[in-house]
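Numbered according to numbering that gives the first Met the number 0, the sequence shown spans residues 0 to 474.
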Amino acid sequence: MASDSETLYGFTPVAASAHTLLSSVSPSSAAPFIPVSETPAPDTALARRINTYAQSHLPLPIYNHSLRVYHYGLAMKRHLFPSWTFTDETYFLTCLLHDIGATEDNLTSTKLSFEFFGGLIALNVLQETTDSSQGATAPRDQAESVAEAIIRHQDLCSEGKITAVGQLLQLATIFEDNTGAYADCVHPATIEDVSHQFPRMGWSHCFAATIHRENELKPWSHTTTLGEDAFPAKVLGNKLMEPFESLSSAMCPPQTIIHPEIQCPTSSPLVNISDRLPADSLSQGAYKLAKSVLPPALVNHSVRVFLFAEWFAHREQSEWATPAKKGLLCTACLLHDVGCAGRFDGPQRFEVEGADAAATFLRENDVPQSEIEQVWQAIALHTTPGIAERISSCARLVRQAVLLDFGKFFSQEAEDFRSLTELSFPRLAIEKILGDIVVEQAERQPTKAPHASWPGVLLRAKREEPEWEGVNKAF
0 MASDSETLYG
10 FTPVAASAHT
20 LLSSVSPSSA
30 APFIPVSETP
40 APDTALARRI
50 NTYAQSHLPL
60 PIYNHSLRVY
70 HYGLAMKRHL
80 FPSWTFTDET
90 YFLTCLLHDI
100 GATEDNLTST
110 KLSFEFFGGL
120 IALNVLQETT
130 DSSQGATAPR
140 DQAESVAEAI
150 IRHQDLCSEG
160 KITAVGQLLQ
170 LATIFEDNTG
180 AYADCVHPAT
190 IEDVSHQFPR
200 MGWSHCFAAT
210 IHRENELKPW
220 SHTTTLGEDA
230 FPAKVLGNKL
240 MEPFESLSSA
250 MCPPQTIIHP
260 EIQCPTSSPL
270 VNISDRLPAD
280 SLSQGAYKLA
290 KSVLPPALVN
300 HSVRVFLFAE
310 WFAHREQSEW
320 ATPAKKGLLC
330 TACLLHDVGC
340 AGRFDGPQRF
350 EVEGADAAAT
360 FLRENDVPQS
370 EIEQVWQAIA
380 LHTTPGIAER
390 ISSCARLVRQ
400 AVLLDFGKFF
410 SQEAEDFRSL
420 TELSFPRLAI
430 EKILGDIVVE
440 QAERQPTKAP
450 HASWPGVLLR
460 AKREEPEWEG
470 VNKAF
């Protein structure tokens, strides 16, 4: 007979085969609509502590993924498995920590498969804390239940048993964030509500890239048992969640309440951006300028463009990857869209206004005129196909990086790097925000949108369908 703690913390043994388990239950009706408000996060000292830990250690897309798994899992439990009596707190802790081993820092710090390392991290974090609040430390049985579920959350078996909390974690991850299986287990309105509260932010591409990343680092990893090519292909083919794939945190109400003391993180990236940029004063100054005049979506975009340009430069063994040139390349990337800022909203195309602003910044930093001209060209021509690619190496790198960020396929390796970069620097609806800014500027000053220019194309598309509120159709 199971002890109270085993029942409380989800150690109840159930069929490891999801097919067998689901075949054994016969709900009296279809899955009901269960909004996020009916599956709140537990208001306990331990839940608050681990939520804070997750917010500070997980990139926003993984954090959102973890909360979606929580809400979908509880919706499934209520509909299909009402006899499972483990605590919501135990499942909440499991969800928050189930992908902690998949962050870039943790992937590269061990030879263990990410689920196994994640289970070990969870076991330690749950039981070791300096927080003196009563109840902030997990009992050993609870911590071990969470660790067991995390270690086995990709252990998809057709025989044997698994814990109830482990099976619920498997069902929720497979259903929603990985392959879209078991679609009838959750009401469509629940999917929509959860997806808007905790946006996917391109999660399928992010997760597929993480799979490729781990398989590259650890060709022995447990994830390979799911199919080195087949599993990421299933993730990318998740049709159930495709309508919500591009939702970003910018589309959500700010500071969505989980419960009064636990709030969604803001849309800012959960990393120190300046640490990802060159340490020279030029790069750091350019970042400071961009951050002071641009909205977060454009700041993230500009940082991604630099990381992509640097990535291309390294692979080409270009001089622009060397310390002597990298600060200039970084400046060109970080300031390539500052012409969208009100501070630099002059009568010329936003690309030219941005190039002029960058040139002024470089002169103030005593950069030689010959180098200023290279940065000016790269920014002024970054939306001009055919010319940017040929006029200089700097302009070509910036152009390629912009194209990669907006979806141009260069190679699978580049795609994987893009997806991983977006984990740290989310897109935040950049296409919508940038397109709207360019059109708004052009409507006020038509000289900013010559007929054949990119701003001109965006302006015409808006005027053809003025009621359209989505991403500009010419973007």
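Cβ atoms here follow ideal geometry from the backbone N, Cα and C, with glycine treated the same way.
Note down, one range per segment and in chain order, each alpha helix (DSSP H) of at least 4 residues found wholly within the segment 187-214. 187-196
In this structure, how does DSSP classify alanine 40 when only helix, strand and coil are distinguished? coil
What is the DSSP secondary structure of lysine 287, counted as helix, strand or coil? When DSSP states are grouped into helix, strand and coil, lysine 287 belongs to the helix group.
Cross-strand partners of lysine 160 (DSSP beta bridge): According to DSSP, which records beta bridges pairwise, lysine 160 is partnered with Ala14.
Which value, in whole angstroms, describes the spacing of the CA atoms of threonine 6 and histidine 152? 19 Å
So alanine 163 and tyrosine 71 are supposed to be a Cβ contact under 8 Å. How far apart are they, rounded? About 16 Å separates the CB atoms of alanine 163 and tyrosine 71; that is not less than 8 Å, and the two are not in contact.
Test item: CB-CB of methionine 240 and arginine 199 under 8 Å: yes
Any idea if serine 220 is buried or exposed, counting beta-carbon neighbours within 10 angstroms, 16 or more meaning buried? buried
Helix, strand or coil: how does DSSP classify alanine 428 here? coil
Residues of its chain near asparagine 364, where Cβ-Cβ distance is below 8 Å and the 5 sequence neighbours each way are ignored: The beta carbon of asparagine 364 lies closer than 8 Å to those of Ser280, Leu281, Gly284 in the same chain, with the five residues before and after it left out.
Since glutamate 244 is in the alpha helix (DSSP H), which residue starts that stretch and which ends it? Per DSSP, glutamate 244 belongs to no alpha helix (DSSP H) and is neither H nor E.
Glutamine 141, DSSP secondary structure in three states: helix
Can you give me the start and stop residues for the alpha helix (DSSP H) that leucine 96 sits inside? 87-96
For glutamine 169 and glutamate 37, the rounded distance between their alpha carbons: Inter-residue distance for glutamate 37 and glutamine 169 is about 22 Å (C-alpha atoms, whole angstroms).
6 Å CB neighbourhood of proline 12 in its chain, flanking five on each side removed: Setting aside the 5 residues that flank it on each side, proline 12 is surrounded in the same chain by Lys160, each with a C-beta closer than 6 Å to its C-beta; the list follows chain order.
Nearest candidate by alpha-carbon position, reference serine 131, set Ser452, Ala44, Phe416, His97: Ala44
Would glutamate 213 and leucine 106 be called neighbours here (beta carbons separated by less than 8 Å)? yes
Taking DSSP as the reference, what is the three-state secondary structure of glutamate 175? helix
Quick one: what's got a C-beta closer than 6 Å to glutamine 399's C-beta in the same chain, skipping five residues either side? Counting only Cβ-Cβ distances below 6 Å, and skipping sequence neighbours, we find Phe311.
Just to check my reading of the structure: alanine 475 and glycine 341 have Cβ atoms closer than 8 Å, yes? What is that Cβ distance to the nearest angstrom? Because the chain spans 0 through 474 in this model, residue 475 falls outside it and cannot be assessed.
Excluding the 5 residues flanking serine 65 on each side, which residues of the same chain have their C-beta closer than 6 Å to its C-beta? Cβ contact annotation for serine 65 (same chain, cutoff 6 Å, sequence separation greater than five): Cys94, Leu95, in chain order.
Flag this pair as touching only if the segment 429-443 and the segment 290-298 have three or more C-beta atom pairs under 8 Å; answer yes or no. yes
Cutting at 6 Å between CB atoms, please list the residues of its own chain near leucine 92, excluding the five before and the five after it. Ile49, Val145
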